[in-house]
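Heads up: the sequence shown begins at 1 in this note's numbering, then just goes up one per residue.
Using N, Cα and C, we set each Cβ at its ideal position, and we do this for glycine too.
All values derive from a computational prediction rather than experimental measurement.
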Amino acid sequence: MKTAKLSAMLLATLCLFSGLVSCSSDDNATPQQELEQLTTEARGFLTGDIVLNIRAFMGETDKTLLPTGCPIIFNFGWSQTDPHSLKIDLKDFSMEGMPYVIKSFATDVVVTSLNSWEQDEYSQKGWIKLEGKDGWLNMQSDNPKIPTVNKQMEGSSLIGYYNALTHEINFKIDFAIMNVTANTILQKVDKSRLSRFDEEKAQYEADYQQAKEEQGLSRGF
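Spelled out as structure tokens, the structure:
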């Protein structure tokens, strides 16, 4: 009798374990053929210099002040040898209120499928995931409290999502220094913005000054 009870308990444990395994095995929920098609679509559109609005944070403090963010140019350069790989490069990230200038941040990014949890959040058809880590950071500052950096930053990361059908995008960069992060707000890629970049940047700076005055903020670190 004891042996029968032990066998039943063991069988129940195995069933429970197999159930957990089956639940966690859904990490790559996007079918491979669909991922290939979406990646091909992305390679054809998400390429070259593209203007995106981002919000910069030091810890929990939003240095951009405006919920719409600041326009910044990113370069998307796809690998010629690996169809699922590209380099995302942010250049000359400077704005009012930031005590440093990020001259560049470049990281190699891999296109992957969304797992089941991510598909719950990005439920519309067409989403792919962008993952990069340990990017190269060139950050400069005249403020002695802010270190000058020009090296590969172990622990830095870029995690994002792009819809190859609607051209919506958002991602987060963690620079792995001074708790500095940058979030691109969810937005639709508009490649025509590149020709209006100087105008958009000037408008942002004017809006920033107004927001700073309304919030009673002083300039500086």
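Judged by DSSP secondary structure, R55 falls within the beta strand (DSSP E) whose first and last residues are G48 to M58. In this structure, K201 sits away from P31, with a CB-CB distance that is not shorter than 8 angstroms. For the 8 angstroms CB-CB criterion, K151 and M98 do not form a contact. Counted as a single uninterrupted DSSP element, the beta strand (DSSP E) harbouring F171 occupies residues E168 to D174. About 7 angstroms separates the beta carbon of K129 from that of E118, a gap short enough to meet the 8 angstroms contact definition.
Taking C-alpha positions only, D198 is separated from D92 by approximately 13 angstroms. G216 sits exposed, since fewer than 16 C-beta atoms from the chains shown fall within 10 Å of its C-beta. The three-state reading of DSSP puts K188 in strand, counting E and B together. By the C-beta density criterion, S156 is buried, having at least 16 other C-beta atoms within 10 angstroms. For N138, the CB contacts under 8 angstroms within the same chain, skipping 5 residues up- and downstream, are I102, K103, S104, F105, V149 and N150 in chain order. Collapsing the DSSP output to three states places S113 in coil.
Per DSSP, Q124 is not a residue of any alpha helix (DSSP H), being assigned neither H nor E. Considering only G77, S195, F57 and D82, the residue with the shortest C-alpha distance to F175 is F57.
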